[in-house]
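Here's the structure, in structure tokens; my notes come after.
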Amino acid sequence: MKLYNTATRKIEEFKPLKPPEVAFYTCGPTVYDFSHLGHLRTYTNSDVLKRTLQYLGYKVKHVMNITDVGHLTSDSDEGQDKMEKGAEKRQMTVWDLAKTYTDFFFYSTEQLNIKKPDIIAPATEHIPDFIKLIEVLLEKGFGYETGQAVYFDVKKFTDYGKLSGQKLEEKEIGVREEVHVDKEKRNPADFALWFKRVGRFKDHVMYWPSPWGDGFPGWHIECSAMCMKYLGETIDIHGGGIDHIPVHHENEIAQSEAATGKQFARYWFHNDFLLVEGQKMSKSLDNFLTIDHIKKRDIDPLALRLLYFQTHYRQIMNFTWDALYAAKSAYERLKAVIVELKEKEKKINMQEEYSEEGRSRKQKFIDAISDDLQMPRALAVLWETVKSNLPAREKLHLLLDFDEVLGLGLKTIEKEIYDIPEEVIKLAQEREEARLIGDFARADRVRDEIHKRGFAIKDTDHGFEIARRK
Ligand code: AMP
Ligand code: ZN
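In the working numbering, the protein residues as written are 8 to 477.
Pasting the structure below:
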């Protein structure tokens, strides 16, 4: 398996520390608002990495945190805690806010067939672990305390900046432009390990006792502590979005390696951004889309999963509705093929040997996914297999096998069997008549009636089709 490593800026042969085990950590969501399609792109690609490793025989232990405290509105130490800001906006307690958006996150990932991590670690349940790690850093001389916080001293960690390749002087120019709230800070790039419940945070709702007084942890320490707690001091792969490279991941490396003296993560796996109609997804631009926006348009979320695969994870992806509708048609075509094959072959033995052609198609699929997750190429192998003249049994076997990695739910696809109520059929006929005489307003009203009864109507070349709404 070849994988691009942000740390070396090269595609490398992936070799875990203790094969066949793979220790894998992904930065989880900050649960102050709805997870959007951008977040979901990153989590889908991490899921594909995990499934690929499993398909190739590795045993993956996957840990993900949930940031429910300490992530400020700027990735450095400026602004308000995102959780407290979100709670004010929504008029909820921070605890209810965390529950609401954690649930929404897992609801969204489930819709996309993203496997759950083996361990899900909410920050608020690990405060003693953060305190312990901060104590080690202070003992070793990497941290210092001021009236407002406990900081990591970046000048003490000689390798600071190695992930992004950014020199400390360049970084400080950027940081200097921000408003400095703590005059006792030694270097502008020093970052908080622990915020005291004083000054701008004197009314902070979430706080815990610590050797430095009541307060709350910094965002970066959370990932270092929880990652090392569950996966050990050196892990195989650490993943996240590219926005985390210059600050969050740089800081995670500094804290972890300063504390242990060992390499923290051997491979860094970063996903590029999702844009919407050419612009960054954001609420102010009103292009903030969640999985429910997709479902409201009667599109199966797995069509979105298929769409994500059409762009390599290290490239920017531009979301458009047109592209999603095209993916929807492609997904429906794939489902129809599976249903047809399943009708021919009621039972498949997944252990059955492949023919020479089958073996060669499987090898092509493996070559694509093992080449730094070339999913567009893997999809090409999928469609070539669909179009091939392989016997039904072998074709179905191969497609279901590929689906271990693709996760498009092909195993569970069944022919949709349902009774269409008489009244819905009558309404559909009424709509057809209205359309024929050009009374489109009435046709639309009748269509809405059909919708209300839980059915959708589609016009095709050979008349209308009625299906249950998803
Ligand atoms: P956050 O909740 O902001 O910490 O983000 C959770 C994860 O989603 C992080 O790994 C981010 O890098 C990633 N992410 C956020 N926005 C996008 C986006 N538009 N496209 C891809 N990944 C994103
Ligand atoms: Zn993290």
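Cβ atoms here follow ideal geometry from the backbone N, Cα and C, with glycine treated the same way.
Predicted model only: the values in this text are computed from it and were never measured.
Euclidean distance between Cα positions of THR74 and CYS230:
9 Å
Applying the 10 Å Cβ sphere with the 16-neighbour rule, what's the burial state of PHE36?
Sequence check: residue 36 is Pro here, not Phe. Classification of PRO36: buried, given that the 10 Å Cβ count is 16 or more.
With a cut-off of 8 Å, do at least 3 Cβ pairs link the segment 231-244 to the segment 112-120?
no
Per DSSP, what are the beta-bridge partners of GLU19 in this structure?
LEU10
Would you kindly report the start and end of the unbroken beta strand (DSSP E) that includes ALA272?
272-278
Does DSSP classify PHE471 as helix, strand or coil?
strand
How many whole angstroms separate the CB atoms of PHE149 and VAL38, which I take to be in contact at a CB cut-off of 8 Å?
So it is not a contact: roughly 29 Å between Cβ atoms.
Selection from LEU314, GLY93 and ASP103 that minimises the alpha carbon distance to GLY45:
LEU314
Alpha helix (DSSP H) runs wholly inside the segment 217-292, at least 4 long, in chain order:
226-238 and 257-267
Looking at the strands, I want to know which residues DSSP matches up with ASN325.
LEU282
DSSP three-state call for ASN52: helix, strand or coil?
helix
Measuring only the C-alpha atoms, how far is GLN262 from ALA94?
30 Å
Report all residues from its chain with a CB closer than 8 Å to the CB of ASP136; omit the five preceding and five following residues, and keep chain order.
ALA232, MET233 and LYS236
For the ligand ZN, residues whose Cβ lies under 5 Å from any non-hydrogen atom:
CYS34 and CYS230
Considering just the uninterrupted stretch of the beta strand (DSSP E) at PRO308, what are its terminal residues?
Segment 308-316 is the alpha helix (DSSP H) holding PRO308; no beta strand (DSSP E) there.
Do the CB positions of ILE18 and ASP379 come within less than 8 Å of each other?
yes
Within 10 angstroms of its Cβ, does PHE447 collect 16 or more other Cβ (buried), or is it exposed?
exposed
Let me know the secondary structure DSSP gives GLY86 once reduced to three states.
coil
Under 7 Å Cβ to Cβ from PHE198, same chain only, skipping five residues before and after it: list those, please.
SER83, ASP84, TYR158, PHE159, GLY225, HIS227 and ASN258
Using DSSP with H/G/I as helix, E/B as strand and the rest coil, what is TYR320?
coil
Distance check for LEU434 and GLN322, CA to CA, integer angstroms please.
47 Å
Beta-ladder partner(s) of GLU364, from DSSP:
In the DSSP output, where bridge partners are listed per residue, GLU364 has none listed.
Quick one: what does DSSP say THR74 is sitting in, helix, strand or coil?
strand
First and last residue of the beta strand (DSSP E) that includes TYR108?
TYR108 -> not in any beta strand (DSSP E); alpha helix (DSSP H) instead, spanning 101-118.
Boundaries of the beta strand (DSSP E) in which THR37 is found, first to last residue:
Note, THR37: premise wrong, no beta strand (DSSP E); not H, not E.
Roughly how many whole angstroms lie between the Cα atoms of GLY248 and SER171?
13 Å
Under the criterion of a Cβ to heavy atom distance below 7 Å, does GLY248 qualify as lining the ligand AMP?
yes
State the CB to CB distance for the pair ARG193 and GLY222, rounded to an integer number of angstroms; the pair is presumed to be in contact (CB under 8 Å).
Rounded, the Cβ-Cβ distance is 19 Å, inconsistent with contact.
Would you check if the segment 263-282 and the segment 369-378 touch, i.e. whether three or more CB-CB distances between them fall below 8 Å?
no
If I'm right that GLU401 touches GLY365 with Cβ under 8 Å, what's the distance once you round it to whole angstroms?
5 Å
As assigned by DSSP and simplified to three states, the class of ALA196:
coil
Buried or exposed by the 16-neighbour rule on C-beta atoms within 10 Å, applied to THR131:
buried
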